[in-house]
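Structure record follows, encoded as structure tokens.
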Amino acid sequence: MDGKKIDHVGVMVKDLDASITFYQDVVGMKLKDKFTIANGAKTLAFLGFTGSDETELELIYGSNDNFPAEGRVNHFAITVEDIEAEFERLKGLDVQFIHPEISTLPNGYRNFFVHGPNCEKVEFFQR
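Take any residue in the sequence shown, count from 1 to its spot, add 57: that is its number in my numbering.
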């Protein structure tokens with residue numbers, strides 16, 4: 058198989074509007090598309106950072122209200138250029154941090170996690 062990239066990550070959500078607001082206001086994504094499928098039973102919203110060929114986040118509403126404690130996706134990572142600046146920016150918002158500080162991994166990469174509105178983990182990651 059040829060090398061490919063991840064096209065999108067789907068996250069099942071309980072409240073589509075709250076999730077769109079979180080990913081726009083907290084993470085900094087833009088709503089790129091939103092539509093219904095399955096005769097209006099499900100709504101899909103796609104968010105991203107730019108208009109380029111990027112990996113998108115797909116929010117799925119209307120499938121199932123039985124969520125495990127960590128949401129429908131364990132986590133996904135957002136690349137940032139300045140981890141300290143992002144950490145400080147998010148401290149000023151109504152965001153639930155999973156750990157109270159930035160971690161440094163054995164390979165030197167740095168990260169921290171916050172909870173999304175559906176208890177999914179969102180990782181902010183600097184290589």
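Just so you know, even glycine gets a beta-carbon here, dropped at the ideal spot from N, CA and C.
Within 10 angstroms of its Cβ, does residue i collect 16 or more other Cβ (buried), or is it exposed?
i, result
"ASN9", "With the chain represented from 58 up to 184, any question about residue 9 goes unanswered, as that position is not in the structure."
"ASN168", "buried"
"GLY173", "buried"
"GLU145", "exposed"
"PHE92", "exposed"
Return the CA-CA distance between residue i and residue j, expressed in angstroms with no decimal places.
i, j, result
"GLY67", "LEU162", "26 Å"
"GLY149", "SER76", "19 Å"
"ALA100", "TYR118", "Strictly speaking, residue 100 in this sequence is Thr, with Ala absent from that position. Cα to Cα, the separation comes out at about 5 Å."
Does residue i come out as helix, strand or coil in the three-state DSSP assignment?
i, result
"TYR166", "coil"
"PHE103", "strand"
"LEU116", "strand"
"GLU141", "helix"
"ASP90", "strand"
"SER76", "helix"
"LYS178", "strand"
Spell out whether any CB of chain B is found under 8 Å from the CB atom of residue i.
i, result
"LYS71", "In summary, chain B is missing from the structure at hand, where a single protein chain is found."
Based on DSSP bridge pairs, tell me the residues matched to residue i.
i, result
"ALA134", "GLU180"
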